[in-house]
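Numbering (this note's numbering), first residue to last: 560 to 1232.
This report concerns only the one structure given below.
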Amino acid sequence: MKKILAQLNPPQREAVETTEGPVLVLAGAGSGKTRVITSRIALLLAKRVPASQILAMTFTNRAAGEMRERVQQLVGKRKGEDLTVGTFHAFCLRVLRTHRVALGYPQGFTICDARDQLSLVKGAMRELHIAEARLRPPTVQGRISLAKNQLLTPETYLDKAGDNNDELVGRVWQRYQGLLKRSRRLDFDDLLLETLRLLKSNKKIRDELRKQYRYVHVDEYQDTNGPQYEILRQLTDGHRNLCVVGDDDQSIYGWRGADITKILSFEKHYPGAKVVRLETNYRSTEPILGIANRLIEHNSARHPKTLISALGPGELPQAVNMRDEDTEAERIVTEISTRVTEGAHYDDFAILFRTATQARPFEAELRAQDVPYKLVGGMSFFDRKEVRDMLAYLCLVVNSQDETALLRVINCPPRGVGKTTIDRALEFATDKGITVAEAFERAGEIDRINLKAADKVNGLLERLRALKDRFKGGKQLVPLVQRLVEEVAYRDEVVRVYREDAEVERRWTGVTEVLNFAENYVRRNKKPGLLGFLNELSLSADDRKDQENDGRLEVTLSTLHASKGLEYERVFLVGVEEGILPHGRSVEEDSVEEERRLAYVGVTRARKGLTLSWCRERARAGYRAQCHPSRFLLEIQAKEPPADWVPAGAAPKKKGKKKRRRKTSKSRGEGKS
């Protein structure tokens, strides 16, 4: 026990030792929140609380893995083996699979990931004859997800519809839910909603789970949404042993349902709660934290706290104004190159920006100066065609009624199933309320359908069902995948699409990597199975997205949202301008405080060096537009806006003709501000 507490400062120790009742740990950036939550779990284990009674939830598999690993370092692998540590979605999936009968779910339900959700939304819009030019499918998908996180239903959403677009979204949502049900699938939001429905409707199961998990921990509590908050209430209302760790100053996901009021009102929701503030920062120097504190104190909706540096003094941050975005990119990349020649490493540097489009000039300049970089949020391994094709085939092995999966691979490789045949099967399926697979089985009832093509589809599904029957044991997962690749002649598809030998081999590695994932999954799990494998991949694909280049020395290009939780020796926070940071839309929607928190996250990613830059003009819609420094920059510098300053939301001033990229830097202007 002494070993567990020895490395903690007094506030951290207070948070760790308060093991009974509700506890709110307000953990400022870089204040050691992971150390607190893992030490607290280790202390409970040292007090002989059974590991099976401890639940810890967070928001990424990476964070959950780190949490488990650090607990095991403190108490030993064996003691921490029975802990339940994972994401909210993974926990909910576990509950739903255990209690699926109580909810009336079939055994083989699978998870619909973000890409497949978009496909279903497009399918629902197609059935309703809504043109994509009228409503963008990603926008519809986002609005449905946000509404679910606000605990709305399609019906309540339609009741509140403010205009025609709202009504169309509600109708698409209804049809989308029907497609999910038809395919025996749940999307990520439904994992939360159905778990909440189970807890609210089934007292026996709710009491069992309360008894099972007597100590509940939540990391990044400021990111919880409505369903997650309600799930926690259902789990802990009996014993109230809930410890949440978070920082309201880093709540930046309101646009996807995170509700900052949950952390701000914790003491109201849990009367008598202990509140502990962690304000010692172990990441950044004093000047960087001085900027962070001056910035965030302009927010009114927050728990008061001031970060204090454990590192002491350091170099002063820079605020630099540039002529335009090309100058900004050239100046920053040149500085990185110079510092590397003086002994720094490429992975010491991060270039952070508010919007993804800001990456373009930086990518061009990094390539021009031959500087290695990675773009966080680029194409994931799981977004590659061959990988998604293989996962679709595996989904069909589990569930031959999976419409999205079938439509994806129906002609991969080509089987002569034409668009007209598919459309007629879809129309019949919609009319009869059945899946498209069932429609092909009843092809004889479909007017003017190509029966030969339908036979090929039915033959494919039959072969996939035979594979499922042949490779039943969980340990047979790898042989099943190997046989599947041969059965559907997938190598022919790779050769057909890519043709050049080098590209074929590069793409084929995606297929072999799925085999590698399967082998690792079987080795790690006591009870492996194809369904569990697919669900694990669906839940962890987004986490893996930004890990694929880990270990290489590269400059990081990242949006501010994607940078949360990371840290770098030197950070360049670029485009600190009105209309970009804060974003113009946030000003219109009165969410400037969240934008300020976003800027605060960017500033606190820096350990020793920080540069904030803004441009005097920038290309917009093909014209040069005058830019103005962000109000956040003025707040940091304690300056009044200049006389010609124009806030975000005002009409931009056009300047000159359409933009032409300047190739030399002799005439480029830059300066300190």
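Think of the CB as a built atom: it goes at the ideal place given N, C-alpha and C, for glycine as much as any other residue.
It should be emphasised that the depicted structure is a prediction, and the values quoted were computed from it without experimental measurement.
Same chain only: Cβ atoms within 7 angstroms of residue i, ignoring 5 sequence neighbours per side
| i | result |
| --- | --- |
| T617 | A623, M626, T646, D778, E779 |
| S1150 | G813 |
| E686 | R734, T989 |
| K1123 | Q809, I811, V1160 |
| R713 | The sequence shown places Pro at residue 713, rather than the Arg named in the question. Here the set comprises G729, W732, Q733, Q736. |
| Q571 | G591, R594, V595, L837 |
| N970 | V976 |
| V1047 | Y952 |
| G1143 | A1207, G1208 |
| N568 | T839 |
Whole-number beta carbon distance between residue j and residue i, since they are thought to touch under 8 angstroms
| i | j | result |
| --- | --- | --- |
| P931 | E1113 | 4 angstroms |
| Y1049 | D808 | Wrong, their Cβ atoms sit about 49 angstroms apart, outside the cutoff. |
| S868 | E845 | 4 angstroms |
| L1026 | P1087 | In fact, because the Cβ distance is near 16 angstroms, the residues do not count as touching under 8 angstroms. |
| R1166 | R842 | 6 angstroms |
| R882 | G1134 | About 14 angstroms; that fails the 8 angstroms criterion. |
| G871 | D818 | Incorrect: roughly 37 angstroms between the Cβ atoms, too far for contact. |
| S1189 | W1204 | With 8 angstroms as the limit, S1189 and W1204 do not qualify as a contact, their Cβ atoms being about 10 angstroms apart. |
| R1235 | T994 | Residue 1235 is absent from the model: the chain starts at 560 and stops at 1232. |
| F534 | H862 | For the chain, the structure presents residues 560 to 1232; residue 534 sits outside this window and is missing. |
| R1164 | E1126 | 5 angstroms |
| N858 | E1052 | Between E1052 and N858 the Cβ distance is about 53 angstroms, and since that is not below 8 angstroms, they are no contact. |
Sub-8 angstroms separation of residue i and residue j beta-carbons
| i | j | result |
| --- | --- | --- |
| A951 | T1115 | no |
| R787 | D806 | Note that residue 787 is Gln in the sequence shown, not Arg. Contact flag unset, no. |
| V879 | T1170 | yes |
| L574 | V608 | A small correction: the amino acid at residue 574 is Ala; Leu does not occupy that position in the sequence shown. The answer is no: Cβ separation not under 8 angstroms. |
| N852 | G589 | no |
| L662 | E753 | yes |
| R1024 | S1117 | no |
| G548 | V946 | The shown model of the chain, from 560 to 1232, leaves out residue 548, and the question about it has no answer. |
| Q612 | Q771 | yes |
| S896 | Q917 | no |
| V976 | A1012 | yes |
| F1076 | L1089 | no |
| L1119 | L953 | no |
| I855 | P876 | no |
| L751 | I790 | yes |
Among the options, nearest to residue i - alpha-carbon criterion
| i | options | result |
| --- | --- | --- |
| V654 | V1146, R769, Q877 | R769 |
| K1031 | V957, E856, L1020 | V957 |
| R1007 | T980, L1023, A998 | T980 |
| F921 | E887, E1152, G1003, R815 | E887 |
| S760 | A1197, Q793, T783, V1162 | Q793 |
| E1128 | Y905, K740, K864, I822 | Y905 |
| V803 | Q612, I822, P1141, T916 | I822 |
| T783 | M560, F825, R744 | F825 |
| N723 | R741, Y829, L1019, L694 | L694 |
| V634 | A1178, A649, T657, A610 | A610 |
| L1192 | E1147, L1140, L642 | L1140 |
| V582 | I819, Y829, E726, G785 | Y829 |
| M560 | T893, V584, A601 | A601 |
| Q632 | P1188, L679, H862, T597 | T597 |
| E767 | G797, L739, D749, L745 | G797 |
Residues near residue i in its chain [Cβ-Cβ closer than 8 angstroms; skip 5 each side]
| i | result |
| --- | --- |
| K681 | E691, P696 |
| L603 | T578, I613, Y774 |
| A565 | none |
| V1040 | M949, L953, V1073, L1074, A1077 |
Cβ neighbours of residue i in the same chain (closer than 6 angstroms, five flanking residues each side left out)
| i | result |
| --- | --- |
| M684 | V731 |
| R1221 | Reliability fails at R1221, whose pLDDT of 44 lies under 50, so the model's placement of it is uncertain and the value that follows must be treated cautiously. So the list is empty, once near-sequence residues are dropped. |
| G580 | R799 |
| I1005 | R983, F987 |
| G1138 | A1207 |
| D1105 | Low per-residue confidence applies at D1105: pLDDT is 46, beneath 50, and the placement is therefore not dependable enough to give any value. |
| T577 | K833 |
| E1072 | none |
| I703 | W732 |
| I891 | F1131 |
Distance cut-off 7 angstroms: residue i Cβ against heavy atoms of the ligand SAH
| i | result |
| --- | --- |
| Q781 | Absent from the structure shown: the ligand SAH. Ligands present: none. |
- With a floor of 4 residues, list each alpha helix (DSSP H) that falls wholly inside the segment 699–778, ordered by position along the chain. 713–718, 723–741, 747–760, 762–771
- Task: For the segment 569–593, list the beta strand (DSSP E) runs that are entirely contained and at least 3 residues long, ordered along the chain.
- Result: 582–586
- Query: Could you give the uninterrupted runs of the alpha helix (DSSP H) lying entirely in the segment 1054–1087, keeping only those of 4 residues or more?
  - Reply: 1060–1083
- Give, in chain order, every unbroken run of the alpha helix (DSSP H) that is at least 4 residues long and sits entirely within the segment 870–910. Qualifying alpha helix (DSSP H) stretches, in chain order: 884–900.
- 4-residue-minimum alpha helix (DSSP H) runs that sit fully inside the segment 653–690, ordered along the chain: Listed in chain order, the complete alpha helix (DSSP H) runs (minimum 4 residues) inside the segment 653–690 are 659–662, 673–686.
- Which parts of the segment 789–867 are runs of the alpha helix (DSSP H), unbroken and 4 residues or longer, counting only runs that do not cross its ends? 820–823, 825–828, 845–855
- Item | Secondary structure, beta strand (DSSP E): runs of 3+ residues fully inside the segment 998–1051 | none
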